[in-house]
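Novice:
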Amino acid sequence: MQAARLHEYTDDMSEALRIDDVDRPELERSDQVLVEVEGAGWCQTDNHIIEGMWADYAPQDLPMTLGHENAGIVAETGEEVTLVEEGDPVICHPVQTCGICRPCRLGEDMYCENSAFNGLTTDGGFAEFLQTNERAVIPLPDGIDPTEIAPHADAGITAYHAAKKAVDELNPGDACVVIGIGGLGHIGLQCLEAMSAADILAVDVKDEALELAEDLGARHTVNSAEEDLADAVADLTDDEGAQQVLDFVGADETTGAAPDIVAAGGDHHIIGYGGHIHEPCQALVDGEFSFKGTLVGQYAELQELVALVDRGDVELRTERYDLADINAVAERLEHNEIEGRAVVTPP
Ligand SMILES: [Zn+2]
Ligand SMILES: [Zn+2]
Numbered sequence: 000m001q002a003a004r005l006h007e008y009t010d011d012m013s014e015a016l017r018i019d020d021v022d023r024p025e026l027e028r029s030d031q032v033l034v035e036v037e038g039a040g041w042c043q044t045d046n047h048i049i050e051g052m053w054a055d056y057a058p059q060d061l062p063m064t065l066g067h068e069n070a071g072i073v074a075e076t077g078e079e080v081t082l083v084e085e086g087d088p089v090i091c092h093p094v095q096t097c098g099i100c101r102p103c104r105l106g107e108d109m110y111c112e113n114s115a116f117n118g119l120t121t122d123g124g125f126a127e128f129l130q131t132n133e134r135a136v137i138p139l140p141d142g143i144d145p146t147e148i149a150p151h152a153d154a155g156i157t158a159y160h161a162a163k164k165a166v167d168e169l170n171p172g173d174a175c176v177v178i179g180i181g182g183l184g185h186i187g188l189q190c191l192e193a194m195s196a197a198d199i200l201a202v203d204v205k206d207e208a209l210e211l212a213e214d215l216g217a218r219h220t221v222n223s224a225e226e227d228l229a230d231a232v233a234d235l236t237d238d239e240g241a242q243q244v245l246d247f248v249g250a251d252e253t254t255g256a257a258p259d260i261v262a263a264g265g266d267h268h269i270i271g272y273g274g275h276i277h278e279p280c281q282a283l284v285d286g287e288f289s290f291k292g293t294l295v296g297q298y299a300e301l302q303e304l305v306a307l308v309d310r311g312d313v314e315l316r317t318e319r320y321d322l323a324d325i326n327a328v329a330e331r332l333e334h335n336e337i338e339g340r341a342v343v344t345p346p
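As structure tokens, then:
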């Protein structure tokens, strides 16, 4: 089968991955599931993996097939699998968990002590077939196209996970700032809209992104290339700040805004990454606000997101690409030229 594989870390996205002819994965355990991939979302994290940014954080044995946002049709199941059968459409949580360790018992799939992460620590879905396990697959309701929903396996669940944590802290009338209305941000915004009655202020440097934010329910928008973000938040909140900030950019500039835009006791959620946090400890003490990290989300949260999609509360803007054009996708995302989310469709 064809698979887009990373052979060497590089900053040159035009030669990021190579299309190799590899063996179709064999099921080795009775709980495994083979999925024929219908769609695999391209993610900024793929660019970061290719650059080698994850090499110190996750064991990677190159060459490796990338692709962690996968959905498709079940092609084969191990003998003990009962949740799905051949022909079922599924979305794949990116992490194959063990189910036995303490984090798994607590439902904390991302902290599993014996996990494999498709496209990060083991082969992923930029290929005709993907090997995963029963604990990772979620059957799709009728009428949901696996190709369209694929990016929710990471982009969606990550945005949902952050939005759910924020919603727990948001009361009606509170302000919530969403920075970066791109692939993840436009999903996070819709999750907030569906689950809270907070006033949402969308921030981006592109006017088209802000128009999209308005279409999706943001009550206020700020183009931070033209307007001062701290002033805009102060005006909107009578100088109190926003109770919750969802930072889908994670650059030095956006994390640096935290002391000026987060309300006392609030949270600045880091979802995008690439930059650093350099705030004085005193700023956090004075404002008693927190920076919170966001790592994908739980299996149960992906089920909840599928329910929101099924209700029509969260829609995803996607562009489709052939597997053969995968490096063009890598380059286009690098240059911020993808609208919504790119989905690779293996042959
Ligand atoms: Zn991703
Ligand atoms: Zn586990």
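When we follow numbering that gives the first Met the number 0, the leftmost residue of the sequence shown carries the number 0, and every step to the right adds one. Backbone N, C-alpha and C fix where the C-beta goes; we use that ideal spot for every residue, glycine too.
On the criterion of 16 or more Cβ atoms from any shown chain inside 10 Å, does I199 qualify as buried, or is it exposed?
Specialist: Against the sequence shown, residue 199 aligns to sequence position 200. The residue in question, I199, is buried, as its Cβ has 16 or more Cβ neighbours within 10 Å.
Novice: Between which residues of its own chain and A15 is the CB-CB distance below 6 Å, once the five residues before and five after are set aside?
Specialist: Residue mapping note: residue 15 aligns to position 16 of the sequence shown, counting from 1. The residues are I49, N326, A329.
Novice: Less than 7 Å between the CB of D153 and some heavy atom of ligand 1, yes or no?
Specialist: Numbered from 1 along the sequence shown, position 154 holds the residue referred to as residue 153. Under cutoff, so the answer is yes.
Novice: Can you tell me whether DSSP reads I18 as helix, strand or coil?
Specialist: Working through the sequence shown from its first residue, we reach residue 18 at position 19. The answer is strand: DSSP assigns I18 an E or B state.
Novice: Determine, using beta carbons only, whether T236 and A165 come nearer to each other than 8 Å.
Specialist: Start at 1 with the first residue of the sequence shown, and residue 236 comes out as number 237. Start at 1 with the first residue of the sequence shown, and residue 165 comes out as number 166. Not closer than 8 Å, so no.
Novice: Tell me the DSSP secondary structure of Q242 in three-state form.
Specialist: Within the sequence shown, the letter at position 243 stands for residue 242. It is a strand residue.
Novice: I think K159 touches G296, with their Cβ atoms under 8 Å apart; what is that distance to the nearest whole Å?
Specialist: As a first step, residue 159 must be located in the sequence shown, where it is residue number 160. As a first step, residue 296 must be located in the sequence shown, where it is residue number 297. The sequence shown places Tyr at residue 159, not Lys. About 6 Å separates the two Cβ atoms, so the contact holds.
Novice: Could you tell me the boundaries of the alpha helix (DSSP H) in which C103 lies?
Specialist: The count along the sequence shown starts at 1 and reaches residue 103 at position 104. Segment 101-104, the alpha helix (DSSP H) holding C103.
Novice: Give me every residue whose Cβ sits closer than 7 Å to any heavy atom of ligand 2, in chain order.
Specialist: T96, C97, G98, I99, C100, P102, C103, C111, E112, N113, S114
Novice: State the beta-bridge partners of E210 as determined by DSSP.
Specialist: Against the sequence shown, residue 210 aligns to sequence position 211. According to DSSP, which records beta bridges pairwise, E210 is partnered with nothing at all.
Novice: DSSP three-state call for G51: helix, strand or coil?
Specialist: Here residue 51 refers to the residue found at position 52 of the sequence shown. Coil at G51, not helix or strand.
Novice: Checking the sheet assignment: what are the DSSP bridge partners for F290?
Specialist: Taking the first residue of the sequence shown as 1, we reach residue 290 at position 291. Partner(s): H267.
Novice: Check whether chain C comes within 8 Å of E210, counting only Cβ atoms and requiring the distance to be less than that.
Specialist: In the structure shown, chain C cannot be found, because there is only a single protein chain.
Novice: Could you tell me the alpha carbon to alpha carbon distance between I260 and I178, rounded to whole angstroms?
Specialist: In the sequence shown, the residue the question calls residue 260 occupies position 261. In the sequence shown, the residue the question calls residue 178 occupies position 179. Computed Cα separation, rounded: 11 Å.
Novice: Given that a residue counts as buried once 16 or more other Cβ atoms are within 10 Å of its Cβ, and exposed if not, what is V89?
Specialist: Taking the sequence shown and counting its residues from 1, one reaches residue 89 at position 90. Classification of V89: buried, given that the 10 Å Cβ count is 16 or more.
Novice: Buried or exposed: where does I269 fall if 16 or more other Cβ atoms within 10 Å of its Cβ makes it buried?
Specialist: Within the sequence shown, the letter at position 270 stands for residue 269. Under this definition I269 is a buried residue.
Novice: For a test of the three-state rule: what should DSSP assign to D230, helix, strand or coil?
Specialist: For the purposes of this step, residue 230 is taken as the residue at position 231 of the sequence shown. DSSP, read as helix, strand or coil, puts D230 in helix.
Novice: Is it the case that the segment 300-317 contacts the segment 133-145, given that we only count it when at least three CB pairs across the two stretches are under 8 Å?
Specialist: yes
Novice: Is C42 near ligand 1, judged by its Cβ being under 7 Å from some heavy atom?
Specialist: Here the question's residue 42 lines up with position 43 in the sequence shown. Yes, Cβ of C42 sits closer than 7 Å to a heavy atom of ligand 1.
Novice: What does DSSP give as the partner residue(s) for A174 in the beta ladder?
Specialist: By 1-based counting over the sequence shown, the position of residue 174 is 175. DSSP output for A174 lists D198 as bridge partner(s).
Novice: Can you tell me which of the three DSSP states T131 falls into?
Specialist: Taking the sequence shown and counting its residues from 1, the one referred to as residue 131 is at position 132. T131: strand per DSSP, three-state reduction.
Novice: Name the DSSP beta bridge partners of G38, please?
Specialist: Here residue 38 is taken as the residue at index 39 of the sequence shown, counted from 1. Looking at the DSSP assignment, G38 forms a beta bridge with A70.
Novice: Exposed or buried, what is P93 when buried is set at 16 or more other beta-carbons lying within 10 Å of its beta-carbon?
Specialist: Numbered from 1 along the sequence shown, position 94 holds the residue referred to as residue 93. By the neighbour-count rule (16 or more Cβ atoms within 10 Å), P93 is buried.
Novice: Which class does R331 belong to by DSSP, given the choice of helix, strand or coil?
Specialist: By 1-based counting over the sequence shown, the position of residue 331 is 332. R331 falls in the helix class under three-state DSSP.
Novice: Let me confirm a value: H151 is counted as buried when at least 16 other C-beta atoms fall within 10 Å, else exposed. Which label applies?
Specialist: What you label residue 151 is simply residue 152 of the sequence shown in a count that begins at 1. It counts as buried.
Novice: Of the residues E333, I337, E300, which one's Cα is nearest the Cα of E318?
Specialist: Mapped onto the sequence shown, residue 318 falls at position 319. Answer by Cα proximity: I337.
Novice: State the CB to CB distance for the pair R134 and P62, rounded to an integer number of angstroms; the pair is presumed to be in contact (CB under 8 Å).
Specialist: Taking the first residue of the sequence shown as 1, we reach residue 134 at position 135. Taking the first residue of the sequence shown as 1, we reach residue 62 at position 63. That pair is no contact at about 26 Å.
Novice: Rounded to the nearest angstrom, how far is the Cβ of G155 from that of L304, given a contact under 8 Å?
Specialist: Position 156 of the sequence shown, counted from the start, is the residue given in the question as residue 155. Position 305 of the sequence shown, counted from the start, is the residue given in the question as residue 304. The Cβ separation is near 5 Å, so the contact holds.
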